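Okay, so here's the structure we're looking at.
2 protein chains.
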Amino acid sequence: MKKRVSIKDVALHVGVSTALVSYVLNNKKEGRISKEAAAKIRQAAIDLNYVPNQIARSLKSQKTNTIGLIVADIANPFSSQIARIIEDEAQKNGYSVIFGSSDESADKTQNLIFLLLNRQVDGFIVALPENAEKQLNYLAGIDIPFVLFDRYYPEVETNFVAIDNYKAASQAVQHLMANGRKQIGIVTYQTGLHHLSERKRGATDLIQNTSLEVNVRIDHLKEDVDAGIDRLLKLDTPVDALFFTTNLLAISGLKYLNELGVKVPEQIAVVGFDETDAFDLFYSPVTYVKQPMEQLASQSLRLLLDAIDNPGAKQGVVIDTELVVRKSSVS
Amino acid sequence: MKKRVSIKDVALHVGVSTALVSYVLNNKKEGRISKEAAAKIRQAAIDLNYVPNQIARSLKSQKTNTIGLIVADIANPFSSQIARIIEDEAQKNGYSVIFGSSDESADKTQNLIFLLLNRQVDGFIVALPENAEKQLNYLAGIDIPFVLFDRYYPEVETNFVAIDNYKAASQAVQHLMANGRKQIGIVTYQTGLHHLSERKRGATDLIQNTSLEVNVRIDHLKEDVDAGIDRLLKLDTPVDALFFTTNLLAISGLKYLNELGVKVPEQIAVVGFDETDAFDLFYSPVTYVKQPMEQLASQSLRLLLDAIDNPGAKQGVVIDTELVVRKSSVS
DNA sequence: ATATAATGATTAAACGATTAAACAAAAATA
DNA sequence: TATTTTTGTTTAATCGTTTAATCATTATAT
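Just so you know, the protein sequences line up as chains A and B, in that order. Residue 0 is where the first sequence starts when you use numbering that gives the first Met the number 0, and the numbers rise one by one after that. Residue 0 is where the second sequence starts when you use numbering that gives the first Met the number 0, and the numbers rise one by one after that.
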């Protein structure tokens, strides 16, 4: 690879000091630089194909204009949609994004934090996995700006952006009840993650019957969903509705209902969480809780940029969701 | 934010030179450093919470251990799945990934190239949009390692990784023919993108009837798909099968077939491209061309790392796809 | 006892940019 | 004309690391 062109090469080419080149290319010292010199320097920069070295600039300025984004899995549409919006917003503000997937593991999260730290990111947007209090404390301890995204720890004072999971689940169940469903099953993950606990609580506070809960182990997704649905269908009074607290659970559950030949919504009404093409293609388009992705992502970035400029104050944002009602839940 | 701890702080704390600290922490000069000094330095690094500054290191070493990934849209599952695999492989090799979405625009691609270049990435993996010859030449001209991914320009000698699009489409159509379909419609984008042209060519070489083609404008997706399907259904001999050359086209098309109440596969057999949950949830699980994501991504990274180590040689890799046959195409 | 080798550490330059401070030359003011 | 101001530019330090070159010591060989 050819040696990259530095400010020194430009200076040498024109016959001036590197300082002058820097001043010109950064439009500093306006009016104190001769038009001829400025013109020659700009031309030389173009001719030589000069590209400023952000690395050197960062070293000097102690700012990389880079943010670290830690999501559960960038391959998951929820994460990647968020990533896309953050990318755009970041770019508008002169920032780049380095991302990492934690796979819901606290250890991987810690590794990513180290990795991003030694790349000197100016701040983090993090969706923390379960049992990551240590990582949270670490971040808080080194006093670097960060925003908790999607999941947060209400007992710790941090910047965070999240939806009102309790309300979202509550609305979903109320909707099912309003449509005459009496036995509403809830399919969720067996996890201590705050956001999922809230979804569960939002639903069960209305249902008050623990035998209608299915708690799926994350590493036995299909198995536990199928078994759970089997159980709910064989109750003395079988369920007439299912509320799935995540995307993946809903898709897995709907596949199984298809296999069983259960009719939606005639036999079972269904409400899912998050938007996905799959919900549209189902023969009864699926009612779902819609998260305001734009807001979630852009608010996260805004809070982070605020925190970078002003490390003191902590802000929390809770955003409402929308229940998109379609055929799968009304009969 | 607290000042970050540098090697200098560690040196000062122990009472040695920064050089010695560097040697110890990098395990250089093995055996030529006293055990006591080494131990004290390592301890101090831990006590002070020292994190090496990759920016400074990069400046010195002229290597950032960062690669730039330019995809069409990170929010698109194809891109994000690829990104995830590249992320993992990159991390194993000590690299980080900075990504950008081009939105199929050559200008945005150029901007991303500049942005990533001044962040001094060691190389690029790029899915080029249409009419991006200029960007391709630019990359080749500045002599930076890069790998074209998914789309490539056969007339230019570069590193590339792609699937055999012609063969993939050909297999899909042959499969439909083998199942007795006589009038096979093909729904594709109106574009000069090489990979899509190849898919189209693979299909039309077997079909030989231009009235069975639907060329959708990318910015009028739903509109053109719907109109195209309408037309194909009203032909004197209406189509009895549809081959969609992309994921989004297939999903849009299937939604419309649902609206029309057209039965799949009884009336129309369907083959799609790429894997998606939506295909599973359709009442007749959809037959599709499966791209080997793992291979695509990891080969791209391998080629790039090869190119970084050895900028001379150019490699091209073409990978075969697999047709996953399900209910939507067999009657 | 002296020259040589091995050990353990330091010095200083470099990477590419920024920027306060210094400087020379020209222009304005006294 | 002498002095001050303004203008245009350069000098040099700095950011945090790496690393070749160098320098003391101490150990070993002659």
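All C-beta atoms in this analysis are idealised placements derived from N, C-alpha and C, irrespective of residue type, glycine included. In this text, all values refer to a predicted model and were calculated from it rather than measured experimentally.
Buried versus exposed, by CB contacts within 10 Å (16 or more), residue i
i: ILE318 of chain B; result: exposed
i: LYS367 of chain A; result: Nothing can be reported for residue 367 of chain A: it is not among the residues displayed for chain A, which extend from 0 to 330.
i: HIS174 of chain A; result: buried
i: GLN61 of chain B; result: exposed
i: ARG31 of chain A; result: exposed
i: THR209 of chain B; result: exposed
i: ASN25 of chain B; result: exposed
i: HIS219 of chain A; result: exposed
i: PHE113 of chain B; result: exposed
i: PRO153 of chain B; result: exposed
i: THR275 of chain A; result: buried
i: GLU197 of chain A; result: buried
i: ARG118 of chain B; result: buried
i: LEU300 of chain A; result: buried
Residue-chain proximity (residue i, chain A), Cβ-Cβ < 8 Å
i: SER95 of chain B; result: yes
i: THR157 of chain B; result: no
i: ILE54 of chain B; result: yes
i: PHE113 of chain B; result: yes
i: GLU86 of chain B; result: yes
i: GLY252 of chain B; result: no
i: THR286 of chain B; result: no
i: PHE77 of chain B; result: no
i: ASP225 of chain B; result: no
i: GLN134 of chain B; result: no
i: GLN207 of chain B; result: no
CB contact check: residue i to chain B, cutoff 8 Å
i: PRO51 of chain A; result: yes
i: GLN80 of chain A; result: yes
Proximal chain B residues relative to residue i, where beta-carbon distance stays under 9 Å
i: ASN117 of chain A; result: VAL50, PRO51, ASN52, GLN53, ILE54, ARG56
i: THR63 of chain A; result: ILE54, ARG118
DSSP three-state assignment for residue i, whether helix, strand or coil
i: VAL4 of chain A; result: coil
i: ASN246 of chain A; result: helix
i: GLU265 of chain A; result: coil
i: THR187 of chain A; result: strand
i: PHE113 of chain A; result: helix
i: PHE281 of chain A; result: coil
i: ALA74 of chain B; result: coil
i: LEU192 of chain B; result: coil
i: LEU241 of chain A; result: strand
i: ALA85 of chain A; result: At residue 85 of chain A the sequence reads Ile, which differs from the Ala that was named. Three-state result, ILE85 of chain A: helix.
i: ILE32 of chain B; result: coil
i: ARG180 of chain B; result: coil
i: GLN61 of chain A; result: coil
i: GLY227 of chain B; result: helix
i: TYR255 of chain A; result: helix
i: THR17 of chain A; result: helix
i: SER330 of chain A; result: coil
i: LEU234 of chain B; result: coil
Per-residue contacts from residue i into chain A (C-beta, under 7 Å)
i: ARG83 of chain B; result: ASP72, ILE73, ALA74, SER100
i: THR275 of chain B; result: ASP276
i: TYR165 of chain B; result: Within 7 Å Cβ-Cβ: nothing; TYR165 of chain B doesn't reach chain A, min ~27 Å.
i: TYR282 of chain B; result: TYR282
For residue i, the residue or residues it bridges with in DSSP
i: ALA105 of chain B; result: In the DSSP output, where bridge partners are listed per residue, ALA105 of chain B has none listed.
i: LYS289 of chain B; result: B:GLU321
i: GLY99 of chain A; result: A:ILE69
i: VAL213 of chain A; result: A:VAL186
i: ASN158 of chain A; result: A:VAL146
i: GLY271 of chain A; result: A:TYR287
i: GLY315 of chain A; result: A:PHE159
i: GLY122 of chain B; result: B:ILE66
Chain-ordered neighbours of residue i on chain A, where CB pairs are closer than 8 Å
i: ASP279 of chain B; result: ILE250, LYS254, ALA277
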